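Residue numbers are given in the numbering used here: position 49 of the sequence shown equals residue 49, and the series is strictly consecutive.
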Amino acid sequence: MSKASRDRDRAAFTEIYAEVRAEDTPSNNSTDAYPALARQKTWTDQQGVVWKARGDALPLKRLRQILADTTTRVVTHDRWSDVIAELPPDDADLLYRVIEAQVNDPDSLTCDTETLEIREFKSQDRRSLVMVDHYGDLEL
1 MSKASRDRDR AAFTEIYAEV RAEDTPSNNS TDAYPALARQ KTWTDQQGVV WKARGDALPL
61 KRLRQILADT TTRVVTHDRW SDVIAELPPD DADLLYRVIE AQVNDPDSLT CDTETLEIRE
121 FKSQDRRSLV MVDHYGDLEL
């Protein structure tokens, strides 16, 4: 293979790689900027605790029960910036009211705006965690 041919192949590879990278890089214009953590079967927190998803649709009544337990952890995930934050237990009731106002199907927690995805997770020792995926600021 000649040097000119190698250079041409290298240039073609570089262009293709750049195009693929650009397609895989999240942008703020994409509704799926970062994957929804609530859709995952498992999630590992910063302490190394593995949380397993429990069921699919989370009825509003069940969400209320989970959030009433002060030991329940509530984690929010901003899918535009990939920021993961844990809400203080005092904000659980406020979070519930925000979610309740946006829900159009209490049995599956689907929202008109499709900006929230909520799922319950359990740890090996049966503790509960509620994962709330959202786009942009979650206004509490």
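Cβ atoms here follow ideal geometry from the backbone N, Cα and C, with glycine treated the same way.
As the structure is a prediction and not an experimental result, all values here were calculated from the model.
Do Trp-51 and Tyr-135 have their beta-carbon atoms positioned less than 8 Å apart in this structure? no
Fill in: Neighbour-count burial assignment, Ala-68, 16 or more Cβ in a 10 Å radius
exposed
TODO: Go ahead and pull the three-state DSSP assignment for Leu-60.
DONE: helix
What's the call for Thr-76, buried or exposed, on a 16-neighbour Cβ count within 10 Å?
-> buried
- Message: Taking 8 Å as the threshold (C-beta atoms), are Arg-64 and Phe-121 in contact?
- Response: no
(Q) Taking its Cβ as the centre, do 16 or more other Cβ atoms sit within 10 Å of Val-130, making it buried, or is it exposed? (A) buried
Item to check | Under the three-state DSSP convention, the category Leu-116 falls into | outcome: coil
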